[in-house]
Structures are given as C-alpha cells and as structure tokens.
Amino acid sequence: MATDDRVTDDRKKKVIILTGTYRIKGHIDLLPGARVTDYMVESKDFIAVTDVEVWELGGRQVFTSPFVNVNRHHIQVVTPAD
Numbered sequence: 001m002a003t004d005d006r007v008t009d010d011r012k013k014k015v016i017i018l019t020g021t022y023r024i025k026g027h028i029d030l031l032p033g034a035r036v037t038d039y040m041v042e043s044k045d046f047i048a049v050t051d052v053e054v055w056e057l058g059g060r061q062v063f064t065s066p067f068v069n070v071n072r073h074h075i076q077v078v079t080p081a082d
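If you read the sequence shown in my numbering, its first letter stands for residue 1, the second for the next number, and so on.
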C-alpha cells in the first residue's frame, strides 16, 4: 500500500448512524487525531458519508452508494462501528 493510501485509510472512520427511519453504515473522513464527536460538533447541516449502506430499521437494505450527504438534524445516534 502506498503511503498516500495509508494516510487516507487512517482518516476514514467506519460509523453507524441511526435516524428515525434508517440505519446508515459508512465512513466519514476525520482529521488526524479527531474523534467522531469532534466531527459532529464541527459539521454543518450535512455530513458526508462514503461507502454507504442504508437499511430500514426493520432490517431491509434500501440501497448502497459510494456517497451520501446525511442531514445532521435527522441523526439520533452516531457511533464508531469499529
């Protein structure tokens, strides 16, 4: 793996996001040394999530996508998945 690839991978944090309707699994890009909490406090109205799986809370997968913007006002819970 090239050094640039490792740096990019180190910044990606796998998360699970719960909204009132969906469970979203994917990655957010953190600054070095930052926590998910830091990211959420600093974010604006939307957060960028990559490598996304969107599931209904009942367990049915709705779709996958390389990128989704999630409205942070709909987020009830966000937690690191690792």
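Glycine included, each C-beta is placed from N, C-alpha and C at the ideal position. Computed from a prediction, not measured in an experiment: that's the story for all the values here.
Residues near residue i by beta carbon distance below 7 Å, same chain, minus five either side
i           : result
arginine 23 : Ile16, Trp55 and Leu57
lysine 12   : His27 and Asp29
Contacting residues, own chain, Cβ-Cβ under 6 Å from residue i (five flanking each side not counted)
i            : result
threonine 79 : Ile16
First and last residue of the uninterrupted beta strand (DSSP E) at residue i
i            : result
aspartate 51 : 46 to 56
proline 32   : It is not in any beta strand (DSSP E) - proline 32 carries neither H nor E in the DSSP assignment.
Straight-line Cα distance separating residue j from residue i
i            : j             : result
alanine 48   : asparagine 69 : 5 Å
serine 65    : asparagine 71 : 16 Å
aspartate 45 : arginine 35   : 18 Å
proline 32   : serine 43     : 16 Å
Range covered by the alpha helix (DSSP H) that runs through residue i
i            : result
aspartate 29 : Note, aspartate 29: premise wrong, no alpha helix (DSSP H); beta strand (DSSP E) at 22 to 29.
aspartate 38 : 36 to 42
Contact set for residue i: own chain, Cβ-Cβ below 8 Å, skip 5 residues either direction
i            : result
threonine 19 : Val70, His74, Ile75 and Gln76
valine 62    : Tyr22, Val54, Trp55 and Glu56
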